[in-house]
Amino acid sequence: MSSRIQCVSPGLATERMFPCLAHRPWQVLCRVYLLQRAPLSQRPSKIAKPCFGESFTQLRAVLKKREYGTKYTQNNFITAVRAMNEFCLKLCDLEQLRKISRRSPHDDTEAFTVFLRSDVEAKALDVWGSQEALARERNLRKEVEREYQENIFRNQKLLKEYKDFWGNTKPRSRKRVTFLQGPGKVVMVAICINGLNFFFKLLAWVYTGSASMFSEAIHSLADTCNQALLALGISQSVRNPDAIHPYGFSNMRYIASLISGVGIFMMGAGLSWYHGIMGLLHPQPIESLLWAYCILAGSLVSEGATLLVAINEIKKSSRKQGLSFYEYVMQSRDPSTNVVLLEDAAAVVGVVLAAGCMGLTSLTGNPYYDSLGSLGVGTLLGTVSAFLIYTNTEALLGRSIQAEHVQKLTEFLENDPAVRAIHDVKATDMGLSKVRFKAEVDFDGRVVTRSYLEKQDIEQILSDIQQVKTPEELENFMLKHGENIIDTLGAEVDRLEKELKQRNPEVRHVDLEIL
1 MSSRIQCVSP GLATERMFPC LAHRPWQVLC RVYLLQRAPL SQRPSKIAKP
51 CFGESFTQLR AVLKKREYGT KYTQNNFITA VRAMNEFCLK LCDLEQLRKI
101 SRRSPHDDTE AFTVFLRSDV EAKALDVWGS QEALARERNL RKEVEREYQE
151 NIFRNQKLLK EYKDFWGNTK PRSRKRVTFL QGPGKVVMVA ICINGLNFFF
201 KLLAWVYTGS ASMFSEAIHS LADTCNQALL ALGISQSVRN PDAIHPYGFS
251 NMRYIASLIS GVGIFMMGAG LSWYHGIMGL LHPQPIESLL WAYCILAGSL
301 VSEGATLLVA INEIKKSSRK QGLSFYEYVM QSRDPSTNVV LLEDAAAVVG
351 VVLAAGCMGL TSLTGNPYYD SLGSLGVGTL LGTVSAFLIY TNTEALLGRS
401 IQAEHVQKLT EFLENDPAVR AIHDVKATDM GLSKVRFKAE VDFDGRVVTR
451 SYLEKQDIEQ ILSDIQQVKT PEELENFMLK HGENIIDTLG AEVDRLEKEL
501 KQRNPEVRHV DLEIL
(Lines of atoms letter the chains of each structure in order from A and count residues from 1; the text may use other names and numbers.)
(Lines give C-alpha, C1' and ligand atoms only; values in the text may rest on other atoms or scores of the structure.)
Protein backbone atom coordinates (compact mmCIF):
# COMPACT_ATOMS: atom_id res chain seq x y z
CA MET A 1 0.00 0.00 0.00
CA SER A 2 1.42 3.35 -0.94
CA SER A 3 1.02 6.55 0.98
CA ARG A 4 0.64 9.98 -0.46
CA ILE A 5 2.18 12.99 1.19
CA GLN A 6 0.58 16.33 0.42
CA CYS A 7 2.55 19.51 0.85
CA VAL A 8 0.37 22.35 2.12
CA SER A 9 1.52 25.95 2.02
CA PRO A 10 1.59 27.98 5.31
CA GLY A 11 -1.15 30.29 4.06
CA LEU A 12 -3.44 27.39 3.22
CA ALA A 13 -2.75 25.79 6.61
CA THR A 14 -3.59 29.01 8.38
CA GLU A 15 -6.79 29.31 6.38
CA ARG A 16 -7.85 25.81 7.36
CA MET A 17 -6.96 26.16 11.07
CA PHE A 18 -8.22 29.73 11.54
CA PRO A 19 -10.85 30.58 8.90
CA CYS A 20 -11.33 34.05 10.38
CA LEU A 21 -7.66 34.91 9.60
CA ALA A 22 -7.83 33.69 6.06
CA HIS A 23 -8.25 37.16 4.56
CA ARG A 24 -6.05 39.08 7.03
CA PRO A 25 -2.66 40.45 5.99
CA TRP A 26 0.47 38.84 7.35
CA GLN A 27 1.19 41.92 9.48
CA VAL A 28 -1.82 41.14 11.66
CA LEU A 29 -0.60 37.62 12.27
CA CYS A 30 2.83 38.85 13.29
CA ARG A 31 1.37 41.42 15.66
CA VAL A 32 -0.79 38.81 17.36
CA TYR A 33 2.16 36.47 17.75
CA LEU A 34 4.38 39.17 19.25
CA LEU A 35 1.67 40.24 21.71
CA GLN A 36 1.28 36.72 22.98
CA ARG A 37 5.03 36.35 23.53
CA ALA A 38 5.50 39.74 25.21
CA PRO A 39 5.59 40.08 29.04
CA LEU A 40 2.37 40.99 30.80
CA SER A 41 3.63 44.43 31.85
CA GLN A 42 4.45 45.38 28.22
CA ARG A 43 1.14 44.34 26.72
CA PRO A 44 -1.39 47.01 25.80
CA SER A 45 -4.57 47.28 27.84
CA LYS A 46 -6.68 46.32 24.85
CA ILE A 47 -5.91 43.84 22.09
CA ALA A 48 -7.86 42.70 19.12
CA LYS A 49 -9.50 39.30 19.14
CA PRO A 50 -8.67 38.15 15.61
CA CYS A 51 -10.36 34.75 15.79
CA PHE A 52 -13.49 35.40 17.79
CA GLY A 53 -14.89 38.67 16.49
CA GLU A 54 -13.98 42.31 16.32
CA SER A 55 -14.87 43.22 19.97
CA PHE A 56 -12.19 44.22 22.46
CA THR A 57 -11.57 42.81 25.93
CA GLN A 58 -9.69 44.25 28.92
CA LEU A 59 -6.99 42.26 30.69
CA ARG A 60 -7.75 41.70 34.41
CA ALA A 61 -5.37 41.06 37.27
CA VAL A 62 -6.81 38.12 39.24
CA LEU A 63 -5.65 37.21 42.74
CA LYS A 64 -4.27 33.73 43.11
CA LYS A 65 -6.72 31.40 44.81
CA ARG A 66 -5.59 30.67 48.35
CA GLU A 67 -5.68 27.15 49.72
CA TYR A 68 -6.89 27.15 53.33
CA GLY A 69 -5.47 24.28 55.34
CA THR A 70 -6.04 23.17 58.91
CA LYS A 71 -3.41 25.65 60.06
CA TYR A 72 -5.65 28.55 59.09
CA THR A 73 -8.18 27.56 61.78
CA GLN A 74 -5.71 28.78 64.35
CA ASN A 75 -7.18 32.21 63.65
CA ASN A 76 -10.45 31.00 65.18
CA PHE A 77 -11.65 32.64 68.36
CA ILE A 78 -12.14 30.89 71.68
CA THR A 79 -13.84 32.11 74.84
CA ALA A 80 -12.22 32.29 78.25
CA VAL A 81 -14.39 29.47 79.62
CA ARG A 82 -13.42 27.10 76.81
CA ALA A 83 -9.78 28.09 77.11
CA MET A 84 -9.76 27.20 80.80
CA ASN A 85 -11.74 23.98 80.35
CA GLU A 86 -10.13 22.58 77.19
CA PHE A 87 -6.56 23.76 77.74
CA CYS A 88 -6.46 23.60 81.57
CA LEU A 89 -5.46 27.24 81.98
CA LYS A 90 -6.14 29.71 84.75
CA LEU A 91 -7.65 33.15 84.42
CA CYS A 92 -4.28 34.73 85.26
CA ASP A 93 -2.74 32.88 82.30
CA LEU A 94 -5.22 34.49 79.92
CA GLU A 95 -4.51 38.00 81.17
CA GLN A 96 -1.24 38.04 79.21
CA LEU A 97 -2.86 37.11 75.88
CA ARG A 98 -4.29 39.38 73.20
CA LYS A 99 -7.92 40.23 73.90
CA ILE A 100 -10.44 40.74 71.09
CA SER A 101 -13.89 42.23 71.64
CA ARG A 102 -16.64 40.53 69.61
CA ARG A 103 -20.38 40.88 69.28
CA SER A 104 -22.13 38.76 71.91
CA PRO A 105 -24.56 36.00 70.85
CA HIS A 106 -26.60 36.53 74.04
CA ASP A 107 -29.40 39.03 74.48
CA ASP A 108 -28.29 40.30 77.89
CA THR A 109 -24.80 41.44 76.79
CA GLU A 110 -23.66 43.51 73.82
CA ALA A 111 -20.02 42.37 73.57
CA PHE A 112 -17.67 39.85 75.14
CA THR A 113 -13.95 39.09 75.06
CA VAL A 114 -12.40 36.24 73.07
CA PHE A 115 -8.85 35.04 72.38
CA LEU A 116 -7.05 33.65 69.35
CA ARG A 117 -6.94 29.87 69.47
CA SER A 118 -3.30 29.87 68.37
CA ASP A 119 -2.38 32.10 71.33
CA VAL A 120 -4.25 29.85 73.75
CA GLU A 121 -2.59 26.70 72.37
CA ALA A 122 0.85 28.30 72.64
CA LYS A 123 0.13 29.41 76.21
CA ALA A 124 -1.04 25.90 77.15
CA LEU A 125 2.19 24.39 75.82
CA ASP A 126 4.15 27.01 77.73
CA VAL A 127 2.32 26.19 80.97
CA TRP A 128 2.28 22.39 80.71
CA GLY A 129 5.43 21.82 78.70
CA SER A 130 4.12 19.26 76.18
CA GLN A 131 0.97 17.87 74.57
CA GLU A 132 1.34 14.66 76.60
CA ALA A 133 1.35 16.56 79.89
CA LEU A 134 -1.69 18.55 78.78
CA ALA A 135 -3.52 15.34 77.85
CA ARG A 136 -2.74 13.80 81.24
CA GLU A 137 -4.09 16.89 83.01
CA ARG A 138 -7.29 16.74 80.94
CA ASN A 139 -7.87 13.10 81.86
CA LEU A 140 -7.21 13.87 85.52
CA ARG A 141 -9.72 16.71 85.51
CA LYS A 142 -12.33 14.52 83.84
CA GLU A 143 -11.91 11.95 86.60
CA VAL A 144 -12.23 14.65 89.26
CA GLU A 145 -15.37 15.99 87.58
CA ARG A 146 -16.92 12.52 87.49
CA GLU A 147 -16.27 12.06 91.21
CA TYR A 148 -17.69 15.52 91.84
CA GLN A 149 -20.92 14.64 90.04
CA GLU A 150 -21.23 11.43 92.06
CA ASN A 151 -20.71 13.39 95.29
CA ILE A 152 -23.38 15.89 94.26
CA PHE A 153 -25.88 13.07 93.73
CA ARG A 154 -24.93 11.52 97.08
CA ASN A 155 -25.17 14.86 98.89
CA GLN A 156 -28.55 15.63 97.34
CA LYS A 157 -29.85 12.30 98.58
CA LEU A 158 -28.52 12.95 102.09
CA LEU A 159 -30.00 16.46 102.07
CA LYS A 160 -33.38 15.06 101.10
CA GLU A 161 -33.26 12.54 103.93
CA TYR A 162 -32.26 15.33 106.33
CA LYS A 163 -35.18 17.50 105.22
CA ASP A 164 -37.59 14.59 105.53
CA PHE A 165 -36.39 13.96 109.09
CA TRP A 166 -36.34 17.55 110.39
CA GLY A 167 -38.95 19.04 108.11
CA ASN A 168 -38.34 21.24 105.12
CA THR A 169 -38.05 24.85 106.33
CA LYS A 170 -37.23 26.25 102.89
CA PRO A 171 -39.63 29.08 101.85
CA ARG A 172 -42.19 28.22 99.23
CA SER A 173 -40.86 28.66 95.75
CA ARG A 174 -42.51 30.49 92.90
CA LYS A 175 -43.07 27.11 91.21
CA ARG A 176 -45.72 26.20 93.77
CA VAL A 177 -47.39 29.60 93.35
CA THR A 178 -47.48 29.02 89.59
CA PHE A 179 -48.71 25.47 90.08
CA LEU A 180 -51.71 26.60 92.15
CA GLN A 181 -52.89 28.99 89.43
CA GLY A 182 -54.76 28.34 86.19
CA PRO A 183 -54.53 24.70 85.04
CA GLY A 184 -52.83 23.65 88.29
CA LYS A 185 -55.78 24.88 90.34
CA VAL A 186 -58.24 23.06 88.08
CA VAL A 187 -56.29 19.80 88.39
CA MET A 188 -56.00 20.02 92.19
CA VAL A 189 -59.74 20.63 92.56
CA ALA A 190 -60.45 17.66 90.29
CA ILE A 191 -58.12 15.38 92.27
CA CYS A 192 -59.87 16.17 95.56
CA ILE A 193 -63.41 15.74 94.20
CA ASN A 194 -62.71 12.59 92.20
CA GLY A 195 -60.91 11.02 95.14
CA LEU A 196 -63.98 11.51 97.35
CA ASN A 197 -66.28 10.26 94.57
CA PHE A 198 -64.24 7.08 94.19
CA PHE A 199 -64.44 6.34 97.89
CA PHE A 200 -68.23 6.73 98.11
CA LYS A 201 -68.91 4.91 94.82
CA LEU A 202 -66.79 2.01 95.99
CA LEU A 203 -68.86 1.76 99.16
CA ALA A 204 -72.06 1.83 97.10
CA TRP A 205 -70.80 -0.96 94.83
CA VAL A 206 -69.83 -3.12 97.83
CA TYR A 207 -73.31 -2.57 99.29
CA THR A 208 -75.37 -3.06 96.08
CA GLY A 209 -73.19 -5.17 93.77
CA SER A 210 -74.25 -3.05 90.77
CA ALA A 211 -72.07 -3.37 87.66
CA SER A 212 -72.83 0.23 86.69
CA MET A 213 -71.79 1.42 90.14
CA PHE A 214 -68.56 -0.59 89.83
CA SER A 215 -67.87 1.08 86.48
CA GLU A 216 -68.47 4.49 88.03
CA ALA A 217 -66.11 3.69 90.91
CA ILE A 218 -63.43 2.59 88.44
CA HIS A 219 -64.15 5.72 86.40
CA SER A 220 -63.51 7.97 89.41
CA LEU A 221 -60.37 6.02 90.35
CA ALA A 222 -59.01 6.39 86.81
CA ASP A 223 -59.78 10.12 86.86
CA THR A 224 -58.01 10.55 90.20
CA CYS A 225 -54.87 8.69 89.08
CA ASN A 226 -54.72 10.44 85.74
CA GLN A 227 -55.18 13.87 87.27
CA ALA A 228 -52.40 13.12 89.76
CA LEU A 229 -50.27 12.35 86.72
CA LEU A 230 -51.34 15.68 85.19
CA ALA A 231 -50.29 17.46 88.39
CA LEU A 232 -46.86 15.88 88.07
CA GLY A 233 -46.66 16.99 84.43
CA ILE A 234 -47.59 20.58 85.34
CA SER A 235 -44.99 20.74 88.11
CA GLN A 236 -42.31 19.48 85.72
CA SER A 237 -43.33 21.77 82.84
CA VAL A 238 -42.50 24.96 84.77
CA ARG A 239 -38.89 23.92 85.37
CA ASN A 240 -36.22 26.15 83.88
CA PRO A 241 -34.21 24.94 80.84
CA ASP A 242 -30.88 23.27 81.53
CA ALA A 243 -27.90 22.11 79.50
CA ILE A 244 -29.54 18.77 78.64
CA HIS A 245 -32.96 20.30 77.83
CA PRO A 246 -32.17 23.73 76.31
CA TYR A 247 -35.79 24.35 75.24
CA GLY A 248 -37.26 23.59 78.65
CA PHE A 249 -39.83 21.06 79.84
CA SER A 250 -43.08 22.56 78.55
CA ASN A 251 -43.92 19.36 76.63
CA MET A 252 -44.23 17.48 79.92
CA ARG A 253 -47.90 18.52 80.01
CA TYR A 254 -48.54 16.84 76.68
CA ILE A 255 -46.62 13.73 77.75
CA ALA A 256 -48.59 13.49 81.00
CA SER A 257 -51.87 14.00 79.11
CA LEU A 258 -50.93 11.32 76.59
CA ILE A 259 -50.14 8.82 79.35
CA SER A 260 -53.39 9.85 81.01
CA GLY A 261 -55.33 9.05 77.85
CA VAL A 262 -53.70 5.62 77.67
CA GLY A 263 -54.49 5.06 81.37
CA ILE A 264 -58.15 5.97 80.88
CA PHE A 265 -58.40 3.50 78.02
CA MET A 266 -56.70 0.60 79.79
CA MET A 267 -57.90 1.14 83.36
CA GLY A 268 -61.25 2.84 82.92
CA ALA A 269 -62.65 1.53 79.65
CA GLY A 270 -61.05 -1.91 79.97
CA LEU A 271 -62.36 -2.70 83.44
CA SER A 272 -65.80 -1.28 82.65
CA TRP A 273 -66.10 -3.45 79.54
CA TYR A 274 -64.87 -6.49 81.44
CA HIS A 275 -67.34 -6.02 84.28
CA GLY A 276 -70.20 -5.33 81.86
CA ILE A 277 -69.48 -8.47 79.82
CA MET A 278 -69.21 -10.57 82.96
CA GLY A 279 -72.56 -9.15 84.11
CA LEU A 280 -74.17 -10.21 80.82
CA LEU A 281 -72.66 -13.68 80.98
CA HIS A 282 -73.31 -14.23 84.70
CA PRO A 283 -76.12 -11.92 85.86
CA GLN A 284 -76.42 -11.43 89.61
CA PRO A 285 -79.39 -10.08 91.58
CA ILE A 286 -78.96 -6.46 92.70
CA GLU A 287 -79.72 -5.25 96.22
CA SER A 288 -81.48 -2.00 97.12
CA LEU A 289 -80.23 0.84 94.96
CA LEU A 290 -81.32 3.72 97.22
CA TRP A 291 -77.82 4.46 98.51
CA ALA A 292 -76.44 4.11 95.03
CA TYR A 293 -78.86 6.77 93.75
CA CYS A 294 -77.87 9.14 96.56
CA ILE A 295 -74.18 8.71 95.86
CA LEU A 296 -74.72 9.18 92.12
CA ALA A 297 -76.63 12.40 92.81
CA GLY A 298 -73.75 13.68 94.94
CA SER A 299 -71.26 12.70 92.25
CA LEU A 300 -73.32 14.53 89.64
CA VAL A 301 -73.16 17.74 91.66
CA SER A 302 -69.42 17.47 92.42
CA GLU A 303 -68.42 16.44 88.89
CA GLY A 304 -70.59 19.25 87.52
CA ALA A 305 -68.82 21.76 89.77
CA THR A 306 -65.39 20.60 88.56
CA LEU A 307 -66.63 20.75 84.98
CA LEU A 308 -67.68 24.38 85.44
CA VAL A 309 -64.24 25.25 86.86
CA ALA A 310 -62.56 23.70 83.81
CA ILE A 311 -64.95 25.46 81.40
CA ASN A 312 -64.30 28.86 82.99
CA GLU A 313 -60.53 28.34 82.82
CA ILE A 314 -60.67 27.33 79.14
CA LYS A 315 -62.87 30.34 78.29
CA LYS A 316 -60.40 32.66 79.99
CA SER A 317 -57.41 31.13 78.19
CA SER A 318 -59.12 31.02 74.79
CA ARG A 319 -59.98 34.73 75.00
CA LYS A 320 -56.32 35.55 75.70
CA GLN A 321 -55.21 33.70 72.57
CA GLY A 322 -58.05 34.95 70.38
CA LEU A 323 -59.56 31.50 69.80
CA SER A 324 -63.03 30.15 70.18
CA PHE A 325 -63.83 27.62 72.90
CA TYR A 326 -64.12 24.81 70.33
CA GLU A 327 -60.82 25.69 68.59
CA TYR A 328 -58.97 25.88 71.91
CA VAL A 329 -60.16 22.40 72.94
CA MET A 330 -59.62 20.78 69.53
CA GLN A 331 -56.08 22.17 69.20
CA SER A 332 -55.24 21.06 72.77
CA ARG A 333 -53.64 24.39 73.67
CA ASP A 334 -53.80 23.54 77.37
CA PRO A 335 -53.66 19.73 77.62
CA SER A 336 -54.06 19.55 81.40
CA THR A 337 -57.27 21.58 81.49
CA ASN A 338 -58.57 19.72 78.44
CA VAL A 339 -58.12 16.38 80.19
CA VAL A 340 -60.04 17.62 83.23
CA LEU A 341 -62.77 19.04 80.98
CA LEU A 342 -63.23 15.84 79.00
CA GLU A 343 -62.97 13.56 82.02
CA ASP A 344 -65.54 15.55 83.98
CA ALA A 345 -67.84 15.82 80.97
CA ALA A 346 -67.57 12.05 80.54
CA ALA A 347 -68.16 11.64 84.29
CA VAL A 348 -71.38 13.69 84.18
CA VAL A 349 -72.65 11.77 81.16
CA GLY A 350 -71.54 8.51 82.77
CA VAL A 351 -73.41 9.27 86.00
CA VAL A 352 -76.60 9.99 84.04
CA LEU A 353 -76.12 6.83 81.96
CA ALA A 354 -75.43 4.66 85.02
CA ALA A 355 -78.42 6.11 86.90
CA GLY A 356 -80.69 5.48 83.91
CA CYS A 357 -79.59 1.87 83.50
CA MET A 358 -79.91 1.23 87.24
CA GLY A 359 -83.39 2.75 87.14
CA LEU A 360 -84.41 0.39 84.34
CA THR A 361 -83.05 -2.51 86.38
CA SER A 362 -85.11 -1.38 89.41
CA LEU A 363 -88.29 -1.06 87.34
CA THR A 364 -87.99 -4.29 85.38
CA GLY A 365 -85.89 -6.41 87.72
CA ASN A 366 -83.66 -7.32 84.76
CA PRO A 367 -79.92 -7.05 85.64
CA TYR A 368 -78.96 -6.93 81.97
CA TYR A 369 -79.75 -3.19 81.81
CA ASP A 370 -77.22 -2.56 84.55
CA SER A 371 -74.55 -4.49 82.63
CA LEU A 372 -75.37 -2.53 79.48
CA GLY A 373 -74.84 0.64 81.50
CA SER A 374 -71.36 -0.60 82.41
CA LEU A 375 -70.60 -1.22 78.73
CA GLY A 376 -71.88 2.27 77.87
CA VAL A 377 -69.63 3.90 80.45
CA GLY A 378 -66.66 1.90 79.11
CA THR A 379 -67.41 3.03 75.55
CA LEU A 380 -67.64 6.64 76.71
CA LEU A 381 -64.25 6.38 78.43
CA GLY A 382 -62.72 4.75 75.35
CA THR A 383 -63.92 7.64 73.16
CA VAL A 384 -62.43 10.24 75.52
CA SER A 385 -59.12 8.38 75.72
CA ALA A 386 -58.88 8.09 71.92
CA PHE A 387 -59.41 11.85 71.56
CA LEU A 388 -56.75 12.64 74.19
CA ILE A 389 -54.23 10.27 72.60
CA TYR A 390 -54.79 11.80 69.16
CA THR A 391 -54.60 15.50 70.17
CA ASN A 392 -51.56 15.11 72.43
CA THR A 393 -49.72 13.01 69.86
CA GLU A 394 -50.29 15.76 67.29
CA ALA A 395 -48.91 18.34 69.73
CA LEU A 396 -45.81 16.28 70.54
CA LEU A 397 -45.04 15.76 66.85
CA GLY A 398 -44.50 19.53 66.44
CA ARG A 399 -47.65 21.33 65.36
CA SER A 400 -47.51 24.58 63.42
CA ILE A 401 -49.17 27.70 64.80
CA GLN A 402 -52.09 29.38 63.06
CA ALA A 403 -51.51 30.51 59.47
CA GLU A 404 -52.60 34.07 60.32
CA HIS A 405 -49.97 34.29 63.05
CA VAL A 406 -47.28 32.93 60.73
CA GLN A 407 -48.27 35.54 58.13
CA LYS A 408 -48.02 38.28 60.75
CA LEU A 409 -44.48 37.24 61.74
CA THR A 410 -43.42 36.94 58.09
CA GLU A 411 -44.79 40.36 57.17
CA PHE A 412 -42.92 41.97 60.05
CA LEU A 413 -39.62 40.63 58.70
CA GLU A 414 -40.40 41.45 55.07
CA ASN A 415 -41.22 45.06 55.97
CA ASP A 416 -37.70 45.60 57.27
CA PRO A 417 -35.45 47.48 54.77
CA ALA A 418 -32.58 45.02 55.22
CA VAL A 419 -34.70 42.03 54.13
CA ARG A 420 -35.44 41.21 50.50
CA ALA A 421 -37.38 37.98 50.95
CA ILE A 422 -38.29 35.30 53.50
CA HIS A 423 -38.18 31.61 52.63
CA ASP A 424 -38.80 28.25 54.34
CA VAL A 425 -40.75 29.63 57.30
CA LYS A 426 -41.46 27.20 60.16
CA ALA A 427 -43.31 28.30 63.32
CA THR A 428 -43.84 25.48 65.82
CA ASP A 429 -45.96 25.45 68.97
CA MET A 430 -43.74 24.25 71.82
CA GLY A 431 -46.51 24.22 74.43
CA LEU A 432 -47.44 26.65 77.20
CA SER A 433 -48.03 29.34 74.54
CA LYS A 434 -44.36 29.22 73.48
CA VAL A 435 -43.45 29.43 69.80
CA ARG A 436 -40.23 28.55 67.99
CA PHE A 437 -39.76 30.50 64.75
CA LYS A 438 -37.32 29.57 61.98
CA ALA A 439 -36.84 31.17 58.55
CA GLU A 440 -34.24 31.67 55.84
CA VAL A 441 -33.68 35.37 55.15
CA ASP A 442 -32.42 36.91 51.91
CA PHE A 443 -30.71 40.11 53.08
CA ASP A 444 -30.19 43.20 50.92
CA GLY A 445 -26.40 43.55 50.81
CA ARG A 446 -26.62 47.22 49.84
CA VAL A 447 -28.62 48.10 52.96
CA VAL A 448 -26.27 46.09 55.19
CA THR A 449 -23.21 47.76 53.63
CA ARG A 450 -24.78 51.19 53.97
CA SER A 451 -25.52 50.44 57.62
CA TYR A 452 -21.82 49.68 58.08
CA LEU A 453 -20.69 52.80 56.21
CA GLU A 454 -22.94 55.04 58.30
CA LYS A 455 -20.80 54.15 61.32
CA GLN A 456 -17.46 54.75 59.56
CA ASP A 457 -15.33 57.77 58.65
CA ILE A 458 -15.94 58.08 54.92
CA GLU A 459 -13.04 60.49 54.44
CA GLN A 460 -10.67 57.99 56.02
CA ILE A 461 -11.98 55.17 53.84
CA LEU A 462 -11.56 57.35 50.73
CA SER A 463 -7.99 58.14 51.76
CA ASP A 464 -7.28 54.44 52.25
CA ILE A 465 -8.66 53.68 48.78
CA GLN A 466 -6.42 56.31 47.18
CA GLN A 467 -3.37 54.76 48.80
CA VAL A 468 -4.09 51.35 47.29
CA LYS A 469 -1.53 50.71 44.55
CA THR A 470 -0.95 46.95 44.42
CA PRO A 471 -3.20 43.88 44.44
CA GLU A 472 -1.87 42.97 47.89
CA GLU A 473 -2.92 46.33 49.32
CA LEU A 474 -6.31 45.99 47.68
CA GLU A 475 -6.71 42.51 49.18
CA ASN A 476 -5.88 43.76 52.69
CA PHE A 477 -8.30 46.66 52.29
CA MET A 478 -11.14 44.39 51.17
CA LEU A 479 -10.45 41.77 53.86
CA LYS A 480 -10.55 44.41 56.59
CA HIS A 481 -13.86 45.92 55.55
CA GLY A 482 -15.33 42.59 54.42
CA GLU A 483 -14.95 41.13 57.91
CA ASN A 484 -16.57 44.24 59.41
CA ILE A 485 -19.48 44.00 56.99
CA ILE A 486 -20.02 40.36 58.01
CA ASP A 487 -20.13 41.51 61.64
CA THR A 488 -22.69 44.13 60.63
CA LEU A 489 -24.78 41.40 58.98
CA GLY A 490 -24.68 39.39 62.20
CA ALA A 491 -25.77 42.48 64.13
CA GLU A 492 -28.72 42.88 61.74
CA VAL A 493 -29.75 39.28 62.43
CA ASP A 494 -29.59 39.90 66.19
CA ARG A 495 -31.64 43.09 65.80
CA LEU A 496 -34.38 41.32 63.85
CA GLU A 497 -34.54 38.46 66.36
CA LYS A 498 -34.75 40.88 69.29
CA GLU A 499 -37.47 43.01 67.70
CA LEU A 500 -39.44 39.90 66.72
CA LYS A 501 -39.42 38.68 70.33
CA GLN A 502 -40.34 42.10 71.71
CA ARG A 503 -43.34 42.49 69.40
CA ASN A 504 -44.47 38.88 69.89
CA PRO A 505 -43.83 37.74 73.50
CA GLU A 506 -45.00 34.21 72.74
CA VAL A 507 -42.03 33.75 70.37
CA ARG A 508 -39.29 32.46 72.67
CA HIS A 509 -36.79 30.97 70.20
CA VAL A 510 -35.91 32.58 66.83
CA ASP A 511 -33.55 31.02 64.27
CA LEU A 512 -32.89 33.27 61.26
CA GLU A 513 -30.60 31.68 58.68
CA ILE A 514 -28.84 33.83 56.08
CA LEU A 515 -29.75 32.72 52.57
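Numbering (UniProt numbering), first residue to last: 1 to 515.
Even for Gly, the Cβ is constructed at its ideal location relative to N, Cα and C.
Please read these numbers as outputs of a predicted model, since none were measured by experiment.
Check, Outcome
"Output the distance between the C-alpha atoms of Leu-300 and Ala-347, rounded to the nearest integer angstrom.", "8 Å"
"Report the CB separation of Val-435 from Leu-515 in whole angstroms; it is logged as a contact under 8 Å.", "Actually they do not touch by this definition, with Cβ atoms about 22 Å apart."
"By the 10 Å Cβ neighbour count, where 16 or more other Cβ atoms means buried, how is Gln-331 classified, buried or exposed?", "buried"
"Taking C-alpha atoms, which residue in Lys-123, Glu-394, Ser-260 and Leu-230 lies nearest to Gly-382?", "Ser-260"
"How should Asn-151 be labelled, buried or exposed, when 16 other C-beta atoms within 10 angstroms of its C-beta is the threshold for buried?", "exposed"
"Mapping DSSP to helix, strand and coil, what is Glu-303?", "helix"
"Evaluate Glu-513 with the Cβ neighbour count: other Cβ atoms within 10 Å of its Cβ, from every protein chain shown; 16 or more gives buried, anything less gives exposed.", "exposed"
"Apply the 10 Å Cβ neighbour rule to Tyr-148 and answer buried if 16 or more other Cβ atoms are within range, or exposed otherwise.", "exposed"
"Residue ranges of each alpha helix (DSSP H) run of no fewer than 4 residues wholly in the segment 431 to 506, ordered along the chain?", "445 to 453, 458 to 466 and 471 to 503"
"Within 10 Å of its beta-carbon, does Ser-324 have 16 or more other beta-carbons around it, so buried, or fewer, so exposed?", "exposed"
"Could you tell me which of Val-493, Lys-480, Glu-497 and Pro-367 sits nearest to Ala-211, measuring between CA atoms?", "Pro-367"
"So for Val-352, helix, strand or coil by DSSP?", "helix"
"Please state whether the Cβ-Cβ distance between Leu-342 and Leu-388 is less than 8 Å.", "yes"
"What is the rounded straight-line gap between the Cα of Leu-462 and the Cα of Val-447?", "20 Å"
"On the three-pair Cβ rule with 8 Å, is the segment 491 to 506 touching the segment 404 to 418?", "yes"
"Nearest by alpha-carbon distance to Leu-196: which of Ser-336, Leu-296, Val-425 and Ile-311 is it?", "Leu-296"
"Taking the alpha-carbon positions, what's the Gly-279 to Met-266 distance?", "19 Å"
"Under the three-state reduction of DSSP, which class applies to Ala-418: helix, strand or coil?", "coil"
"Decide if the segment 207 to 222 is in contact with the segment 237 to 257; the criterion is three or more beta carbon pairs, one per stretch, under 8 Å apart.", "no"
"How about the segment 400 to 410 and the segment 352 to 371: do they share at least three Cβ pairs that are nearer than 8 Å?", "no"
"Which same chain residues end up closer than 8 Å to Val-351 when comparing Cβ atoms and leaving out the 5 residues on each side of it in sequence?", "Glu-216, Leu-296, Ser-299, Leu-300 and Glu-303"
"Counting along the chain, where does the beta strand (DSSP E) carrying Arg-102 start and finish?", "100 to 103"
"Can you give the beta carbon distance from Asp-487 to Arg-103, rounded, assuming they're within the 8 Å contact cut?", "6 Å"
"Specify, as a first and last residue, the run of the beta strand (DSSP E) that Val-114 falls within.", "111 to 116"
"Which of the three DSSP states is assigned to Arg-141 in this structure?", "helix"
"Taking C-alpha atoms, which residue in Pro-505, Gly-490 and Thr-428 lies nearest to Ala-111?", "Gly-490"
"So Ile-191 is in the alpha helix (DSSP H); what residue range does that whole segment cover?", "183 to 208"
"Quick one: which unbroken alpha helix (DSSP H) runs of 4-plus residues sit fully inside the segment 224 to 305? Chain order, please.", "252 to 263 and 270 to 281"
"For the segment 221 to 232 against the segment 186 to 203, are there 3 or more C-beta pairs whose distance is under 8 Å?", "yes"
"Which of the three DSSP states, helix, strand or coil, is assigned to Ile-514?", "strand"
"Using DSSP's beta-bridge definition, name the partner residues of Thr-79.", "Val-114"
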